[in-house]
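To keep things clear, I will list the structure first and then write my remarks on it.
Next comes the structure, spelled out in structure tokens:
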């Protein structure tokens, strides 16, 4: 099963992705290394090899823009691969499952483990064997571990894929689905349509209290000692069985998907529209963008999984997206829901819309317009939206939302200044 076609990546891309191992998967304690992700987006835009080198120089040297000039804002951002002072027991099939979510110093051991497994089994068989278990923790590292994995799978980079699976293991973070939770249901054919489910969730009067409680709990000493960053520590609170956040997920967040044996395309279209509308409606809210780029990642892996594992992976992703939207205080949810409602009204009149040559040229042009951005989230987001726009089974209404979202993130703000984390974003308004 193939969901969408790949760009014509250059022959040199894999050489760049191999360089990714020159630096550790994280820096500054808990921040995720994005260097390889943007190389993929830039390569898909057809940039020169000099531009690929430019991105490496920008990223590792922590470059910011000040008017017409670019300057380094501090020491080099990335760090070399770590050499652990402790002798960590090797990861094998005997103990791999019991060490996930254990300690960051296990990353190298897991990377070596998955290097060997990919070499022995092949990438597809390795994903089929290990990804379903790891997908339960895809909320870890603000979804960056699952992003790293899926983007690697898309370009068939075994070096990057082994890193991604290792990162999913060591950053593993379930959201109220473990054995210490009495019940949970990720998906059901009997659940309301995903858009209706999201609307019901966002209209719930208890959400503001959940946002507040997650913030309070994340600042207690037990959570601060995890040293995962404010966002991730708030997200982790949703796995606490004694807190209302976990109960809310298990009571309210069930993704409607068809039974096995049925096609997932319509469900996936709704999820891509949801992710794009959330980014557009929130005016490029940083962590909601991770929801979009991580959905692309999950879709890249789905063809390698059996039908139940496919549905579970989408269910875990939906749960992480909802938790993200709650802890970020539902930025501009009314605007986002209005966009989705218009899509629901228009989508059935324009199914299976094929891009014209002019459409394809427009998408390539807008992706190319982002390749000078000093924030990798800008080209990465437009790249994903371009990939979704090329999915022939989707409607014109969906492509219109993808295009609006791409334009919103690719158009510089009128004052030309950096706003929060995204180079071209406006501060998101709260309703």
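Residue numbers (our numbering): 1 to 431. All residues carry an ideal CB built from backbone N, CA and C; glycine is no exception.
In this structure, does DSSP put residue i in helix, strand or coil?
| i | result |
| --- | --- |
| residue 49 | helix |
| residue 26 | strand |
| residue 435 | Limits of the chain in this structure are 1 at one end and 431 at the other, which puts residue 435 out of reach. |
| residue 138 | strand |
| residue 255 | strand |
| residue 226 | coil |
| residue 175 | coil |
| residue 401 | helix |
| residue 356 | coil |
| residue 301 | helix |
| residue 348 | helix |
| residue 328 | coil |
| residue 288 | helix |
| residue 334 | helix |
| residue 40 | helix |
| residue 410 | helix |
| residue 220 | coil |
| residue 160 | helix |
| residue 8 | coil |
| residue 294 | helix |
| residue 79 | coil |
| residue 20 | helix |
| residue 432 | Residue coverage of the chain in this structure runs from 1 to 431, which leaves residue 432 outside it and unanswerable. |
| residue 266 | helix |
| residue 183 | coil |
Going along the chain, which residues of its own chain have a beta-carbon closer than 7 angstroms to the beta-carbon of residue i, five neighbours each way excluded?
| i | result |
| --- | --- |
| residue 55 | 38, 39, 42 |
| residue 136 | 174, 177, 316 |
| residue 183 | 250 |
| residue 111 | 162, 163, 166 |
| residue 68 | Caution is warranted here: a pLDDT of 47 is assigned to residue 68, below 50, making its placement in the model unreliable, and no coordinate value can be reported. |
| residue 29 | 227 |
| residue 16 | 39, 52 |
| residue 243 | 213, 217, 237 |
| residue 198 | 274 |
Identify, in the order they occur along the chain, each residue of the same chain with its Cβ nearer than 8 angstroms to the Cβ of residue i, setting aside the five sequence neighbours on each side.
| i | result |
| --- | --- |
| residue 180 | 241 |
| residue 421 | For residue 421, the pLDDT reaches just 42, beneath the cut-off of 50, and the residue's location in the model is therefore unreliable, although a value from the coordinates is still provided. Excluding residues within five positions, the ones whose Cβ falls inside 8 angstroms are 286, 375, 377. |
| residue 246 | 175, 176, 181, 238, 239, 240 |
Given a cut-off of 8 angstroms, decide if residue j and residue i are closer than it, judged by their beta-carbon atoms.
| i | j | result |
| --- | --- | --- |
| residue 297 | residue 149 | yes |
| residue 343 | residue 268 | no |
| residue 339 | residue 282 | no |
| residue 337 | residue 389 | no |
| residue 189 | residue 258 | yes |
| residue 32 | residue 146 | no |
| residue 153 | residue 127 | yes |
| residue 161 | residue 123 | yes |
| residue 248 | residue 206 | yes |
| residue 273 | residue 319 | no |
| residue 232 | residue 141 | yes |
| residue 275 | residue 291 | yes |
| residue 171 | residue 255 | no |
| residue 151 | residue 300 | yes |
| residue 489 | residue 45 | Outside the displayed span of the chain (1 to 431) sits residue 489, for which this structure offers no information. |
| residue 210 | residue 60 | no |
| residue 307 | residue 260 | yes |
| residue 324 | residue 235 | yes |
| residue 393 | residue 265 | yes |
Applying the 10 Å Cβ sphere with the 16-neighbour rule, what's the burial state of residue i?
| i | result |
| --- | --- |
| residue 11 | exposed |
| residue 214 | buried |
| residue 250 | buried |
| residue 97 | exposed |
| residue 26 | buried |
| residue 230 | exposed |
| residue 90 | exposed |
| residue 200 | exposed |
| residue 93 | exposed |
| residue 328 | buried |
| residue 169 | buried |
| residue 221 | exposed |
| residue 6 | exposed |
| residue 333 | buried |
| residue 399 | buried |
| residue 361 | exposed |
Leaving aside the five residues before and after residue i along the sequence, list all residues of the same chain whose C-beta is less than 6 angstroms from its C-beta, in chain order.
| i | result |
| --- | --- |
| residue 312 | 186 |
| residue 289 | 279, 377, 381 |
| residue 118 | 126, 158, 162 |
| residue 82 | 24 |
| residue 132 | 309 |
| residue 13 | 43 |
| residue 406 | 366, 382, 385 |
I'd like to confirm the pairing. Which residues does DSSP put opposite residue i in its beta bridges?
| i | result |
| --- | --- |
| residue 188 | 256 |
| residue 31 | 27 |
Quick check: does the Cβ of residue i come within less than 7 angstroms of any heavy atom belonging to the ligand ZN?
| i | result |
| --- | --- |
| residue 267 | Ligands in the displayed structure: none, and consequently the ligand ZN is not present. |
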